[in-house]
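Only one structure is covered here, and it is reproduced in the block below.
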Amino acid sequence: MNAATDGATGSGTGAGTGGGAGAAAGGGGGLDTAFVVAWLEEAAGEIARQRDRLTELDAAIGDADHGTNLDRGFSEVLRALRETPPSSPAQALMAAGATLIRRVGGASGPLYGSAFRQMGRTLDSGEAPGASVTPAAFAEAFGAGVTAVERLGKAAAGDKTMIDALAPASRALSQAVRDGLETREALTRAARAAADGARATVPMTARRGRASYLGERSVGHEDPGAASAALIVAALATAASRTAAG
Ligand SMILES: [Mg+2]
1 MNAATDGATG
11 SGTGAGTGGG
21 AGAAAGGGGG
31 LDTAFVVAWL
41 EEAAGEIARQ
51 RDRLTELDAA
61 IGDADHGTNL
71 DRGFSEVLRA
81 LRETPPSSPA
91 QALMAAGATL
101 IRRVGGASGP
111 LYGSAFRQMG
121 RTLDSGEAPG
131 ASVTPAAFAE
141 AFGAGVTAVE
151 RLGKAAAGDK
161 TMIDALAPAS
171 RALSQAVRDG
181 LETREALTRA
191 ARAAADGARA
201 TVPMTARRGR
211 ASYLGERSVG
221 HEDPGAASAA
231 LIVAALATAA
241 SRTAAG
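Structure (structure tokens):
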């Protein structure tokens with residue numbers, strides 16, 4: 001079901017963009033600009049690779065544009081980061097958010113865009129905004145991003161939306177940071193929780209978004225938003241390995 005295939009730019013493959021920021025993440029588990037740029041690159045690469053799967057999931061219970069929309073949006077994010085290299089994690093996240101809000105059609109652009117923008121704002125208003133943030137500050141910002149999605153989407157856990165992947169990821173990340181796990185392990189736990197959360201949407205009945213029009217007929221399909229959210233969270237763990245964060 002690739003009817004929606006269009007001329008969307010093949011995204012960057014996750015390599016190369018933002019190379020100027022290329023230093024490894026700071027020591028002591030700090031998460032720096034290079035880490036956030038790497039996160040966005042890895043997310044873009046994975047969305048590009050899984051574009052057709054996301055679109056097929058959306059074709060089953062939506063309007064078959066999720067993969068193409070997100071691929072186009074994240075390609076634009078990488079372009080924006082190349083054009084204006086960010087000088088802080090907050091700046092990178094706010095730029096990504098603004099780009100997704102502007103460039104992605106459907107609900108997912110504003111939802112993901114608001115999440116990234118809120119993450120950036122939260123980091124920016126923290127005690128020591130700047131070049132590197134602590135895992136605790138990052139986890140708090142991630143939680144604020146998820147809350148922004150809940151508010152904008154008026155969605156709660158169990159509604160068969162991206163929240164079903166994002167909320168467990170946020171809880172797992174916060175818990176892992178509180179438990180003092182190293183950053184990479186904390187992000188890996190978040191990724192696992194997001195993947196489990198996305199899989200758990202299969203038997204759910206959609207209560208928000210376009211899939212909710214189908215009611216019971218949405219049962220048996222993974223939610224495309226939860227699926228893409230799991231990819232984006234998984235990219236955190238990949239980025240941590242790549243930049244030696246934690
Ligand atoms: Mg759609």
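Numbering-wise, full-length UniProt numbering puts 200 at position 200 of the sequence shown, and it's gapless, one number per residue.
Even for Gly, the Cβ is constructed at its ideal location relative to N, Cα and C.
This one's a predicted model, so the numbers in the text were calculated from it and none came from an experiment.
Ranked by Cα distance from Gly-106, the options Arg-192, Leu-166, Gly-225 and Met-119 are led by Gly-225. Under DSSP, Leu-231 takes part in no beta bridge, so it has no partner. The three-state secondary structure of Asp-32, taken from DSSP, is strand. Judged by DSSP secondary structure, Met-94 falls within the alpha helix (DSSP H) whose first and last residues are 89 to 103. Under the criterion of beta carbons closer than 8 angstroms, Gly-145 and Met-119 qualify as touching, at roughly 4 angstroms. Within the DSSP bridge table, the entry for Ser-132 names Asp-32 as partners. A Cβ-Cβ contact shorter than 7 angstroms links Leu-54 with Ser-228. Taking every protein chain shown into account, the CB of Tyr-213 has fewer than 16 other CB atoms within 10 angstroms, so this residue is exposed.
Taking 6 angstroms as the cut-off, one finds at least one heavy atom of ligand 1 near enough to the beta carbon of Asp-65.
Segment contact: the stretch 57 to 71 against the stretch 173 to 185, fewer than three CB-CB distances shorter than 8 angstroms; contact not assigned.
Take the alpha-carbon of Arg-210 and the one of Val-37: they are about 31 angstroms apart. By the neighbour-count definition (other C-beta atoms within 10 Å, threshold 16), Arg-178 is an exposed residue. The alpha-carbon separation between Leu-187 and Pro-168 amounts to approximately 12 angstroms. Scanning the stretch 127 to 198 for uninterrupted alpha helix (DSSP H) segments of 4 residues or longer gives 135 to 153 and 163 to 178, listed from N- to C-terminal end. In the displayed model, Thr-243 falls within a helix according to three-state DSSP. In the displayed model, Gly-73 falls within a helix according to three-state DSSP. Assignment of Met-204 by DSSP, reduced to helix, strand and coil, places it in the coil class.
When distances are taken from the beta-carbon of Asp-58 to the heavy atoms of ligand 1, the shortest one is below 6 angstroms. With a 10 Å radius around the Cβ and a threshold of 16 neighbouring Cβ atoms, Lys-160 comes out buried.
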